[in-house]
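The opening position of the sequence shown corresponds to residue 525 in my numbering, with each subsequent residue numbered one higher.
Quick reminder that beta carbons are idealized off the backbone N, C-alpha and C, glycines included.
As the structure is a prediction and not an experimental result, all values here were calculated from the model.
Just below is one structure, and these are the notes that go with it.
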Amino acid sequence: MEQEQLNEPKMQVHPSIFKVIEQRKALKERLSNIKHKIGVYSAKGGVGKTTTAVNIAYTLSLMGYKVGLLDADVDCPNLTMFLGINTVKEAVYPLIPIEKDGVKVLSTAMFLDDKSKPIIWRGPMIGKMISEFFSNTEWGNLDYLILDLPPGTSDSPLSIIQLLDLDGFVIVTTPQHISAVNAIRSGMMAKRLGVALLGVIENMSDGEARGGKEVAAELDSEVIGLVPFDKKMSEMSDRGEVAVLNDEGIKNRYEHIVKKLIGGG
């Protein structure tokens, strides 16, 4: 028996894991002036993830918190369009976020002189840019950094979840079953990587929370908010206006969501 145990193969650990651990430790120290980091996530695009991230960030700001907002969708950035930011910055390190209505904002779109041109980068380049957003950016002192995560379950969201010490993430879905299925995929990936699920938001909701309840049940979470389809909200986003800064009803709805998200309601 002893001989059999001696002959058992030892489990091999890939050397890359040590590099990830070192990077994670360094980033934690680098971002120690940011109290909380929350990702807004879904495996499927077009569900209102950016809308949700923007309005959560600005609701927190209205509540008196110091807030940063990061467009982590490196190769398909659109956060600046939602905020009406047209400034083109020079990519000089350290990167300095643009302050818009009291929130510090950063996106790769800020470094493009023609936002209609595609960013055609392979995975390693995207991963490097994501790392720069954290290791070479002057965020200053923040209570919350809200990350608009890229869709999917591959390189970009995986890099962020592996490297960053997130407090947790919010899953966004729509009422449709297919949207819920994709949201569940993203939630399962993040949970397997040890990141807490803070709640589910159903966007473009009909009030029944069909998709939200499906996601929450599968991921052992709760629906923390229903955001109905609102033509005004869509029009404001198209104009680069933040809905919670311009509509009292929408602001109240997001205040309810944010209080649940941060444990105050």
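- Secondary structure remark: continuous alpha helix (DSSP H) runs of at least 4 residues inside the segment 562 to 609, in chain order: 573 to 586, 603 to 607.
- Burial of P601 is indicated by the presence of at least 16 other C-beta atoms within 10 angstroms of its C-beta.
- V747 is classed as buried because its beta carbon has at least 16 other beta carbons within 10 Å across all chains shown.
- With a threshold of 16 other beta carbon atoms within 10 Å, L717 falls short and is exposed.
- The alpha-carbon of V591 is positioned some 12 Å away from that of N579.
- Where D672 is concerned, the enclosing beta strand (DSSP E) starts and stops at 666 to 672.
- For the options F753, S710, L743, the alpha carbon positioned closest to that of G731 is the one of F753.
- Excluding residues up to 5 positions away in sequence, G692 lie with their Cβ nearer than 6 Å to the Cβ of A720 in the same chain.
- In terms of Cα proximity to G664, the closest of K559, V782, V739 is K559.
- In the structure shown, L785 adopts helical secondary structure according to DSSP, grouped into three states.
- Looking from the CA of F606, the closest CA among S745, Y565, A767 belongs to A767.
- In this structure, P674 sits away from V739, with a CB-CB distance that is not shorter than 9 Å.
- An exposed status is given to K755, since fewer than 16 other beta-carbon atoms sit within 10 Å of its beta-carbon.
- Looking at the DSSP output, E726 bridges to T697, L750.
- By the Cβ rule, the segment 562 to 578 counts as touching the segment 687 to 706, because three or more pairs are nearer than 8 Å.
- According to the DSSP assignment, V739 belongs to no beta strand (DSSP E) but to the alpha helix (DSSP H) extending over 734 to 743.
- Judged by DSSP secondary structure, V768 falls within the alpha helix (DSSP H) whose first and last residues are 767 to 770.
- Boundaries cannot be given for E614, as no alpha helix (DSSP H) includes it and DSSP labels it neither H nor E.
- Just so you know, the alpha carbons of F658 and K624 end up roughly 19 Å apart.
- Exposure of K552 is indicated by the presence of fewer than 16 other C-beta atoms within 10 angstroms of its C-beta.
- Nearest Cα to A615 within the set V629, S631, L603, F635: F635.
- Taking I702 as reference, the option from G736, H780, S683 with the minimal CA-CA separation is G736.
- DSSP, read as helix, strand or coil, puts G711 in helix.
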